[in-house]
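Structure, as structure tokens:
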Amino acid sequence: MDLNSGHPTLTTLRHLLPEAAVAGGSFEAWLPPPSQIARKDRARFMRTVRDEATSACLRTLMQLAGLEDQRDIGRAPDGQRYWPLDYAGSLTHKGTVVLGALAPVRTISSLGVDLERTGGRELTSMQASIAPEGLPPGTPPGEGVLLAFCCKESVFKAFYPLERSQLEFQDVQLSWEPGPENFFNAIASCPRDHRIKVRAKVIEGWVVSAATSNRRAV
Ligand SMILES: CC(C)(COP(=O)(O)OP(=O)(O)OC[C@H]1O[C@@H](n2cnc3c(N)ncnc32)[C@H](O)[C@@H]1OP(=O)(O)O)[C@@H](O)C(=O)NCCC(=O)NCCS
């Protein structure tokens, strides 16, 4: 069975990252009704299906990039994936959705994608720790903090392969720029003078973000 590639978050990620191959979608249809799985087994079952969906997403990314012969894209001990030589990639999962992106490093040196759900944990009171530099203009505080959170998670994923170094929220300052309607653009100022471009969109209860850098790894 294929992932639901008509999911709005996948279409959105394609708009945010036109220069990359993008894949994934929802695996909701792969799941039986919750009543058919014992409560104690649900979390493990969900993890297994999510891993299968992630493998399907990775296979599609490899096909789109013409790298069908590539062996499995395993995980390094620090959590990163072993992307093919000369390619930058990133994955994100939330609920029953998995998204991935892949691009040659001659186009994008490093990239990060992130997906969040609106209407979940109320983050407004965490603005001082997540986004002390300010929120995207015109957003209600809850949505603004979630946007900043999502963007900084994707910046984390783009920054880490360049410097092999983890970021805290306060290591990253987002300078928001006007974007097309419903799109949010920012430049993320990070340690060691990295400037990472980040784009995001709120769509049907989801926030999708993509961060890209054109600076080479040290
Ligand atoms: C690594 C982290 C950013 C992942 O985000 P998340 O919302 O928990 O989970 P997501 O599903 O969106 O992303 C998971 C993917 O991130 C990728 N990832 C994990 N560690 C990574 C790293 N060090 N560098 C780049 N990508 C990484 C993996 O591909 C993983 O998917 P996989 O396990 O299937 O391979 C997060 O768990 C984390 O450690 N955050 C702490 C640091 C932080 O939040 N700093 C503030 C932001 S500046």
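All residue numbers for the sequence shown refer to the working numbering, where the first residue is 2 and numbers rise by one. We put the beta carbon where it would ideally sit given N, CA and C, even for glycine.
With a CB to CB cut of under 7 Å and the five nearest residues on each side skipped, what residues in its chain are close to residue i?
i, result
"M2", "A30 and W31"
"Q71", "M63 and P85"
"L147", "E117, T119, L124 and V208"
"H8", "G26, S27 and V98"
How far does the alpha helix (DSSP H) with residue i in it reach, from first residue to last?
i, result
"T55", "R43 to L65"
"H16", "P9 to L17"
"G26", "Here G26 belongs to no alpha helix (DSSP H); instead the beta strand (DSSP E) covers A22 to S27."
"L168", "Neither: L168 is in no alpha helix (DSSP H) and is coded neither H nor E."
Taking just the CA atoms, how far does residue j sit from residue i?
i, j, result
"P141", "L92", "28 Å"
"L136", "R60", "37 Å"
"P19", "R165", "26 Å"
"A89", "L103", "6 Å"
"G121", "G143", "10 Å"
"A212", "S176", "13 Å"
"K158", "D79", "12 Å"
"L168", "Y83", "20 Å"
Considering only residues of the same chain and omitting the five flanking positions on each side of residue i, which have a CB-CB separation below 8 Å?
i, result
"E69", "M63"
Under 6 Å Cβ to Cβ from residue i, same chain only, skipping five residues before and after it: list those, please.
i, result
"N186", "E178, G180 and R200"
"R217", "S110"
"R40", "none"
"V23", "L14, R15 and A102"
Mind checking which residues open and close the beta strand (DSSP E) that includes residue i?
i, result
"I204", "H195 to I204"
"E123", "First-last for E123: undefined, no H or E at that position."
"Q174", "Q174 to E178"
message = Across the segment 201–213 and the segment 111–127, are there enough close Cβ pairs to call them in contact, namely three or more that are closer than 8 Å?
response = yes
query = Can you give, in chain order, each stretch of the beta strand (DSSP E) that sits fully within the segment 71–112 and has at least 3 residues?
reply = 88–95 and 98–105
inquiry  = For the pair the segment 51–71 and the segment 82–97, tell me if three or more CB-CB distances fall below 8 Å.
reply    = yes
query = Hey, which residues come within less than 7 Å of ligand 2, measuring from Cβ to any heavy atom, in chain order?
reply = No copy of ligand 2 appears in this structure; the ligands present are ligand 1.
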